[in-house]
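Trainee: The numbers in my numbering rise by one with no breaks, and the one at position 250 of the sequence shown is 232. Ideal Cβ placement from N, Cα and C applies to all residues, glycine included. Since we're looking at a predicted model, the values are computed, not measured.
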Amino acid sequence: MNGAVLLALSCVLFYLAYQVYGRLVERVFGVDPARPTPAHTLRDGVDYVPTHPAILFGHHFASIAGAGPIVGPVLAAQFGWAAVALWIVLGCILIGSVHDLAAMFLSIRHQGRSIGTVIESLMGYWGRMLFLFFCWFTLVLVVAEFLRIVAETFVEIPAVATASLLFIGVAVAFGRLVYKGGLSILAGSFIFVPLTFACVYAGTLLPLDLVTLLGCDVATARQIWTVVLLAYCFAASVLPVWLLLQPRDYLNSYLLYAMMALGFIGIFVARPVLNLDAFSGWHAVSPLSGRSDPLIPLLFVTVACGACSGFHALVASGTTAKQVDSERHLRPVAYGGMLIEGALAIIALIAVGVMSQAEYAAALKTQGAVKLFAGGIAGFTDKLGLPHSAGIVFISLALAAFLMTTLDTATRLARFTWQELFLPREQPEDAPPAAAPAPSAFRAAISNRYVATLVAVAAAGWLLLGGGAKSLWPVFASSNQLLAALTLLGCSLWLLRHKRPLALTLLPMLFMMATSGAAIATLFLRNLRVWQSDGFRAGGVMTLTTGILIIMSVALVAMGAVSIRQTVKQPVKGH
-17 MNGAVLLALS CVLFYLAYQV YGRLVERVFG VDPARPTPAH TLRDGVDYVP
33 THPAILFGHH FASIAGAGPI VGPVLAAQFG WAAVALWIVL GCILIGSVHD
83 LAAMFLSIRH QGRSIGTVIE SLMGYWGRML FLFFCWFTLV LVVAEFLRIV
133 AETFVEIPAV ATASLLFIGV AVAFGRLVYK GGLSILAGSF IFVPLTFACV
183 YAGTLLPLDL VTLLGCDVAT ARQIWTVVLL AYCFAASVLP VWLLLQPRDY
233 LNSYLLYAMM ALGFIGIFVA RPVLNLDAFS GWHAVSPLSG RSDPLIPLLF
283 VTVACGACSG FHALVASGTT AKQVDSERHL RPVAYGGMLI EGALAIIALI
333 AVGVMSQAEY AAALKTQGAV KLFAGGIAGF TDKLGLPHSA GIVFISLALA
383 AFLMTTLDTA TRLARFTWQE LFLPREQPED APPAAAPAPS AFRAAISNRY
433 VATLVAVAAA GWLLLGGGAK SLWPVFASSN QLLAALTLLG CSLWLLRHKR
483 PLALTLLPML FMMATSGAAI ATLFLRNLRV WQSDGFRAGG VMTLTTGILI
533 IMSVALVAMG AVSIRQTVKQ PVKGH
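As structure tokens, then:
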């Protein structure tokens, strides 16, 4: 199979889905372009701001398209390129994009509030509390896993560490000059976008190699970077959003589009042949763990964000939803954004698909997913005249930038979610968001932004440094897919209450619940055996983590079933 043909075919299917299936989803939910959005009805110039769809798409896409759609397909390639590509395409079209549009739509119809608050209106106060804690738990896993990947990348490719640190300085300077110094965004872009790309070159000149500088081993260097990055996550979460998060998102978008363009053009110029097995069988040996992994259910959770991501619901609701100018923009921003993320996942699959099964297994074990992807894309860009070494550094930096943006966003969302846990019960929907009573002294203290951030960062650090860090990706991916299933459950409840067709969300919810539930149960039993044989540090942390996820998901499904039964008896008309 030719990689260019696979990419072209996938893009054609994504385009057709956007035009046909996306419109069907709009009709089912009752998208109404004439209906004022919260960005207008609650406009405050800070959070609620009507935004041009092109700008909003850039912000939303930069927030959701971290390294997940790259790392996931690279790791899942052990099952064969055809199996992975089929799930990416079908998953994006039928599940992931529907999930993203539905979550954003429900948030807009609930005054731009978070999906947790929406869940309260459907499943009650305790349903909201449990759902929010599940969200917080998943976000901690996101922070821990992506931080681990960044730390490993900094050790493997020291030039990326230098460039990433320089990039933080560039983003802060851009934010201060634009928001406080009177510099226009256009003028700032002409200055700081080239500086962003210059960071790549500077990184190659001055690689920050801790192993050489400190004379330590690789494991120690990785731990040092882990601690440094945990401190960075704390600072990034409590700093004003205009100082780091927004300028990083904006500047990162140029890196993201450049990387995607290089990969896209490189594949069509190089026309690589896929040498990886199309299908590795119903079980595949993991190059990282050496275990035999069942294709069902682990394929579906390993691909993770490349096909569907519960994390997107947290970004789409409560944040992006506050900036939607018209409901007609839901399809391009939410549904279309997920489809483009699917195209990125296909590019990642092709980058490693050019290897044989044996070459892939050996390279993944020694280099890791990020370096493997970077090397694959750099091989394609050789045909464009870009030196291979420079290509690897640029792609790796772009990935590290996405990872750190995900860390920024996930840590901040974890803080918001923790603070939301201590909010009082939901106010009536016709009440403004500020109408809630003042919190008690305890609630005010425990939900303080510094305390909320410290709790999230400390939990992520415990997962990383407490043992079992290598097992984080499948656990993170499973919890992420469970979150998507639970969000789809809430969307199905909303459709049921408003007497609308359920199949578009109910069937994906049942599929995601079955596959992610089976995956998390498999991981629980696997880690339990490791704990029993090798001790708590080797398997105990992940056993407890997966056990908690199972308990919460079962409880939420039970609450959802009760809500469905009550809704069937007393359906409610609404918005």
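Which same chain residues end up closer than 8 angstroms to residue 545 when comparing Cβ atoms and leaving out the 5 residues on each side of it in sequence?
Mentor: Within the sequence shown, the letter at position 563 stands for residue 545. The answer, listed in chain order, is 104, 105, 106, 109, 475.
Trainee: Judging by CA-CA distance, which residue of 379, 102, 57 is the nearest neighbour of residue 89?
Mentor: As a first step, residue 89 is located in the sequence shown; it is residue number 107 there, counting from the start. Among 379, 102, 57, the Cα nearest to that of residue 89 belongs to 102.
Trainee: Return the bridge partner residues of residue 33 from the DSSP annotation.
Mentor: Numbered from its first residue, the sequence shown carries residue 33 at position 51. Note: residue 33 sits in a beta bridge opposite 306.
Trainee: Counting only runs that start and end within the segment 9 to 83, where is the alpha helix (DSSP H) found for 4 or more residues in a row?
Mentor: You should have 20 to 23, 35 to 46, 50 to 58, 63 to 73.
Trainee: Does the Cβ of residue 481 have 16 or more other Cβ atoms within 10 Å, making it buried, or fewer, making it exposed?
Mentor: Residue mapping note: residue 481 aligns to position 499 of the sequence shown, counting from 1. Answer is exposed; the Cβ neighbour count stays below 16.
Trainee: If you run the structure through DSSP and keep just helix, strand and coil, what is residue 252?
Mentor: In the sequence shown, residue 252 corresponds to position 270, counting from 1. Three-state DSSP puts residue 252 in a helix.
Trainee: Between the Cα of residue 277 and those of 18, 399, -4, 500, spot the shortest distance and give me the residue it belongs to.
Mentor: Counting from one through the sequence shown, the residue named residue 277 turns up at place 295. When only C-alpha atoms are compared, the closest one is 500.
Trainee: For residue 225 and residue 543, what's the separation of their Cα atoms in angstroms?
Mentor: Taking the sequence shown and counting its residues from 1, one reaches residue 225 at position 243. Taking the sequence shown and counting its residues from 1, one reaches residue 543 at position 561. The alpha-carbon atoms of residue 225 and residue 543 are separated by roughly 44 angstroms.
Trainee: What three-state label does DSSP hand residue 547 in the structure shown?
Mentor: For the purposes of this step, residue 547 is identified with residue 565 of the sequence shown, where counting begins at 1. In this structure, residue 547 counts as helix in the three-state DSSP scheme.
Trainee: If residue 356 and residue 378 are in contact, beta carbons under 8 angstroms, what's the gap, nearest whole angstrom?
Mentor: Sequence index remark: in the sequence shown, residue 356 carries index 374 (1-based). Sequence index remark: in the sequence shown, residue 378 carries index 396 (1-based). Contact holds; Cβ gap of about 5 angstroms.
Trainee: Roughly how many angstroms lie between the CA atoms of residue 227 and residue 303, to the nearest whole one?
Mentor: Against the sequence shown, residue 227 aligns to sequence position 245. Against the sequence shown, residue 303 aligns to sequence position 321. If I take the Cα positions, the gap works out to 18 angstroms.
Trainee: Round the Cβ separation of residue 238 and residue 380 to the nearest angstrom and send it over; I've been treating them as touching at under 8 angstroms.
Mentor: Looking up residue 238 in the sequence shown gives position 256. Looking up residue 380 in the sequence shown gives position 398. The pair is a contact, with the Cβ atoms about 7 angstroms apart (cut-off 8 angstroms).
Trainee: Using beta-carbon positions only, say whether residue 389 and residue 58 come within less than 8 angstroms of one another.
Mentor: Position 407 of the sequence shown holds residue 389. Position 76 of the sequence shown holds residue 58. Not closer than 8 angstroms, so no.
Trainee: Do residue 193 and residue 200 count as a contact pair if the criterion is CB distance below 8 angstroms?
Mentor: To locate residue 200, count along the sequence shown from 1; it is residue 218. To locate residue 193, count along the sequence shown from 1; it is residue 211. Cβ distance < 8 angstroms, so residue 200 and residue 193 count as in contact.
Trainee: Would you list the residues sitting across from residue 276 in a DSSP beta bridge?
Mentor: Along the sequence shown, one-based indexing puts residue 276 at 294. Partner(s): 265.
Trainee: When you compare the segment 257 to 267 with the segment 47 to 63, are there three or more beta-carbon pairs, one atom per stretch, that lie closer than 8 angstroms?
Mentor: Enough Cβ pairs lie closer than 8 angstroms, so yes.
Trainee: I need the straight-line Cα distance from residue 314 to residue 163, nearest angstrom please.
Mentor: As a working note, residue 314 is residue 332 in the sequence shown. As a working note, residue 163 is residue 181 in the sequence shown. Distance between the alpha carbons of residue 314 and residue 163 is about 33 angstroms.
Trainee: Tell me whether residue 430 sits in a helix, a strand or coil according to DSSP, three-state version.
Mentor: Your numbering for residue 430 matches position 448 in the sequence shown. Residue state, collapsed to three classes: coil.
Trainee: Less than 7 angstroms between C-beta atoms, sequence neighbours within five positions excluded: which residues of the same chain meet that for residue 491?
Mentor: The residue labelled residue 491 in the question sits at position 509 within the sequence shown. Taken in chain order, the residues that qualify are 467, 470, 471, 474.
Trainee: Nearest-angstrom Cα distance between residue 416 and residue -4?
Mentor: Translated into positions along the sequence shown, residue 416 becomes position 434. Translated into positions along the sequence shown, residue -4 becomes position 14. Confidence is the limiting factor: at residue 416 the pLDDT is only 49, short of 50, which leaves the residue's position unreliable, though a coordinate-based value still follows. Going by the C-alpha atoms only, they are around 40 angstroms apart.
Trainee: Just to confirm, are residue 457 and residue 195 a CB contact at a threshold of 8 angstroms?
Mentor: Taking the first residue of the sequence shown as 1, we reach residue 457 at position 475. Taking the first residue of the sequence shown as 1, we reach residue 195 at position 213. No. Outside cutoff.
Trainee: Would you mind sorting residue 424 into buried or exposed? The rule is 16 or more other CB atoms within 10 Å of its CB.
Mentor: As a working mapping, residue 424 is identified with position 442 in the sequence shown. Residue 424 is exposed by the Cβ-count criterion.
Trainee: Determine the direct distance from the alpha carbon of residue 126 to that of residue 522, and round the result to whole angstroms.
Mentor: Residue numbering aside, residue 522 sits at position 540 when the sequence shown is read from its first letter. Residue numbering aside, residue 126 sits at position 144 when the sequence shown is read from its first letter. Spanning the two alpha carbons is a distance of roughly 16 angstroms.
Trainee: Between residue 21 and the rest of its own chain, which residues show a CB-CB distance below 8 angstroms, the 5 nearest in sequence each way excluded?
Mentor: One-based indexing of the sequence shown puts residue 21 at position 39. So the list reads 30, 31, 32, 33, 94, 304, 305, 306, 307, once near-sequence residues are dropped.
Trainee: If we count the other Cβ atoms within 10 Å of its Cβ and call it buried at 16 or more, is residue 1 buried or exposed?
Mentor: For the purposes of this step, residue 1 is taken as the residue at position 19 of the sequence shown. Its Cβ having fewer than 16 others within 10 Å, residue 1 is exposed.
Trainee: DSSP beta-bridge partners for residue -16?
Mentor: Numbered from its first residue, the sequence shown carries residue -16 at position 2. The partner list for residue -16 (beta bridge, DSSP) reads 255.
Trainee: Please list the terminal residues of the continuous alpha helix (DSSP H) segment that includes residue 559.
Mentor: It is not possible to answer for residue 559, since the shown part of the chain is limited to -17 through 557.
Trainee: Roughly how many angstroms separate the alpha carbons of residue 3 and residue 83, rounded to a whole number?
Mentor: Looking up residue 3 in the sequence shown gives position 21. Looking up residue 83 in the sequence shown gives position 101. Each residue's Cα considered, the two are about 12 angstroms apart.
Trainee: As an exercise, report each continuous alpha helix (DSSP H) stretch of at least 4 residues that is fully enclosed by the segment 144 to 224, in chain order.
Mentor: Segments of the alpha helix (DSSP H) lying fully in the segment 144 to 224: 167 to 187, 192 to 196, 200 to 220.
Trainee: Throw me the rounded Cβ distance for the residue 283 and residue 460 pair, which I believe falls under 8 angstroms.
Mentor: Walking along the sequence shown from the start, residue 283 turns up at place 301. Walking along the sequence shown from the start, residue 460 turns up at place 478. About 5 angstroms; that satisfies the 8 angstroms criterion.
Trainee: Nearest CA to the CA of residue 326: which residue from 46, 156, 13, 25?
Mentor: Stepping through the sequence shown from its first residue, residue 326 is reached at position 344. Checking every option, the nearest Cα to that of residue 326 belongs to 46.
Trainee: Kindly indicate which three-state DSSP category residue 595 falls into: helix, strand or coil?
Mentor: Outside the shown range of the chain (-17 to 557) lies residue 595, about which nothing can therefore be said.
Trainee: Do three or more CB pairs link the segment 506 to 514 to the segment 523 to 530 at distances below 8 angstroms?
Mentor: Touching, yes.
Trainee: Is it the case that the Cβ atoms of residue 185 and residue 240 are separated by a distance below 8 angstroms?
Mentor: Residue numbering aside, residue 185 sits at position 203 when the sequence shown is read from its first letter. Residue numbering aside, residue 240 sits at position 258 when the sequence shown is read from its first letter. No, the Cβ-Cβ distance between residue 185 and residue 240 is not below 8 angstroms.
Trainee: Compare the C-alpha of residue 404 against each of 138, 514, 230, 428 and name the closest.
Mentor: Translated into the one-based positions of the sequence shown, residue 404 becomes position 422. Among 138, 514, 230, 428, the Cα nearest to that of residue 404 belongs to 428.
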